[in-house]
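Peer 1: This is the structure, below, for whatever I ask next.
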Amino acid sequence: MTERDPRNDALVDLLKNLRSRRRLANGAWCPAAGSGNEGIPSEPLPSSLATFTPPSEDVPEAIADALDKLTLIHPPKAPAAPGDELFGQEAPSVPATTRKSIPTQDTPRPRSREDRVAELELLARHARACRRCGLHAQRTQAVFGVGNPDAKLMFVGEGPGRDEDAQGEPFVGRAGLKLNSLIEKLGLKREDVYIGNVVKCRPPENRVPEADEQAACMPYLERQILLIRPRIIICLGLTAAQALLETKSTMALLRKTRHQLGEILVIATYHPAYVLRNPKAAWDVWADVKDVPDLLKS
Ligand code: URA
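Structure (structure tokens):
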């Protein structure tokens, strides 16, 4: 009989503990295929989204794999940068993120375009069948994302509204028209960019998605970012900026500076719905993004 490695036992205990905590934090799980959850595609999920199953006690790889998945769902926080707390106010800069799946200079380039398109499609199918949080209950359909898989510019919004929930595409309502005109003003077409949201299912009454709903959905967005690998991400509104940059900072502060997620430049600006309510904010949005065409050329 082979001797059991006590380190494995310790890891298994840790995982079981983490798993039960996550179950409490996230509410519903994405159940395994074949568990009676009709509609879940049979293909395996990409590792960042695979359902966590407790590892068998004598397979260290399974433990490493499972830990990997857990850290993707709850990425470690960046250490507080000196000067973050300035007279009780956060300094207007956000330390570089530690999000594990965001590409850095050292990340190998994603595979061929064909493979990336196939994985995006697979992810979209999983999102459409996803039950990782309570938002699935009232959706008409999940709204995964749309656009050019080679986009250099990506927009991230908060979550689908009524029109998006009905049509299955992000930013197709009135806020979408505003976004389209901004894209045109940047000298681009909607087909040139990629558009996604923090949560893929419409929150009831368009409320801001809860932290656990955002956390449950974040691996989809992280994977979209990794596959598309844009040079610039424009966060539309506070929810997107806070979620992506892992900060509680205000829009006023987040707009004051440019941010970096790995190798990606991140710009925070007002949501088009805010601009609809406050037309003068269009000037602020333009001030935030007007150099994007030059940045994309450089
Ligand atoms: N608002 C968002 O944040 N996203 C959409 O897709 C539509 C409206």
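Our numbering puts the sequence shown at residues 3 to 300. All C-beta atoms in this analysis are idealised placements derived from N, C-alpha and C, irrespective of residue type, glycine included.
Helix, strand or coil, according to DSSP, for Asp70 in the structure here?
Peer 2: Any reading at Asp70 needs caution, since the residue's pLDDT is 39, under 50, leaving its predicted position unreliable; the model's value is listed next. Residue state, collapsed to three classes: helix.
Peer 1: Under 7 Å: does the beta carbon of Asn199 sit that close to some heavy atom of ligand 1?
Peer 2: Asn199: yes, Cβ under 7 Å from ligand 1.
Peer 1: For Phe157, which beta-bridge partners are listed by DSSP?
Peer 2: Ile197 and Ile236
Peer 1: For ligand 1, is there a heavy atom less than 7 Å away from the beta-carbon of Val212?
Peer 2: One detail in the question is off: residue 212 reads as Glu in this sequence, not Val. For Glu212, the shortest separation between its Cβ and any heavy atom of ligand 1 does not lie below 7 Å.
Peer 1: Whole angstroms are fine: how far does the CA of Ser251 sit from the CA of Arg257?
Peer 2: 10 Å
Peer 1: Look at the Cβ atom of Pro221, then the Cβ atom of Ile197, and state whether they are nearer than 8 Å.
Peer 2: no
Peer 1: What number of angstroms, rounded off, separates the C-alpha of Gly170 from the C-alpha of Trp285?
Peer 2: 30 Å
Peer 1: Sort out for me which residues DSSP pairs Leu267 with in a bridge.
Peer 2: Ile234 and Gln262
Peer 1: In angstroms with no decimal places, state the Cα-to-Cα distance between Pro207 and Gln140.
Peer 2: It is worth fixing the name first, because residue 207 is Glu in this sequence and not Pro. Cα to Cα, Glu207 sits roughly 10 Å from Gln140.
Peer 1: Taking all protein chains shown into account, do 16 or more other C-beta atoms lie within 10 angstroms of the C-beta of Gly264, making it buried, or fewer, making it exposed?
Peer 2: If you draw a 10 Å sphere on the C-beta of Gly264, you find 16 or more other C-beta atoms in it, and that means buried.
Peer 1: For Thr142, which option in Cys132, Ile185, Arg192 and Ala242 has the closest C-alpha, if you only look at C-alpha atoms?
Peer 2: Cys132
Peer 1: Can the beta-carbon of Arg134 be found less than 8 Å from the beta-carbon of Cys237?
Peer 2: no
Peer 1: Any heavy atom of ligand 1 closer than 7 Å to the CB of Gly159?
Peer 2: Gly159 has its CB nearer than 7 Å to a heavy atom of ligand 1.
Peer 1: State the Cα-Cα distance for the pair Gln244 and Asp117, rounded to the nearest angstrom.
Peer 2: Distance between the alpha carbons of Gln244 and Asp117: 30 Å.
Peer 1: Report yes if the CB atom of Lys202 is closer than 8 Å to the CB atom of Val148, and no otherwise.
Peer 2: Not closer than 8 Å, so no.
Peer 1: With Val148 as the anchor, note down where its beta strand (DSSP E) starts and where it stops.
Peer 2: Taken as a continuous stretch (DSSP letters only), the beta strand (DSSP E) holding Val148 covers Gly147 to Gly149.
Peer 1: Grab the span of the alpha helix (DSSP H) containing Pro295 for me, first residue to last.
Peer 2: Its alpha helix (DSSP H) spans residues Val294 to Lys299.
Peer 1: Apart from the five residues on each side of it in sequence, which residues of its chain come closer than 8 Å, Cβ to Cβ, to Arg204?
Peer 2: Leu137, Gln140, Arg141, Thr142, Val145, Gly161, Pro162, Gly163, Arg164, Glu166 and Asp167
Peer 1: Kindly indicate which three-state DSSP category Thr142 falls into: helix, strand or coil?
Peer 2: coil
Peer 1: At a cut-off of 7 Å, would you count His128 as near ligand 1, judging by its Cβ distance to the nearest heavy atom?
Peer 2: no
Peer 1: Return the chain-ordered list of same chain residues with a C-beta closer than 8 Å to the C-beta of Ala12, the five sequence neighbours on each side being excluded.
Peer 2: Confidence at Ala12 is low in this model, with a pLDDT of 44, below 50, so its placement is unreliable and no value can be given for it.
Peer 1: Whose C-alpha, out of Asp214, Leu223, Ala217 and Ile230, is nearest the C-alpha of Val195?
Peer 2: Answer by Cα proximity: Ile230.
Peer 1: On a CA-only basis, which of Ala177, Phe157, Thr241 and Arg115 is nearest Asn280? Give me that one, please.
Peer 2: Ala177
Peer 1: Which residue comes first and which comes last in the alpha helix (DSSP H) that contains Pro274?
Peer 2: Pro274 to Arg279
Peer 1: Report the three-state DSSP secondary structure of Gly163 (helix, strand or coil).
Peer 2: In the structure shown, Gly163 falls within a coil segment according to DSSP collapsed to helix, strand and coil.
Peer 1: By the 10 Å Cβ neighbour count, where 16 or more other Cβ atoms means buried, how is Ala213 classified, buried or exposed?
Peer 2: exposed
Peer 1: Which of the three DSSP states is assigned to Asp152 in this structure?
Peer 2: coil
Peer 1: Quick one: measure Cβ to Cβ for Val294 and Leu155, integer angstroms, because I've assumed they're closer than 8 Å.
Peer 2: 7 Å
Peer 1: For the alpha helix (DSSP H) that Arg115 lies in, which residues bound it at each end?
Peer 2: Looking at the DSSP string, the run of the alpha helix (DSSP H) that includes Arg115 is Arg115 to Ala131.
Peer 1: Assign Leu179 to buried or exposed, taking buried as 16 or more other Cβ atoms, counted over all protein chains shown, within 10 Å of its Cβ.
Peer 2: exposed
Peer 1: Given that a residue counts as buried once 16 or more other Cβ atoms are within 10 Å of its Cβ, and exposed if not, what is Thr259?
Peer 2: exposed
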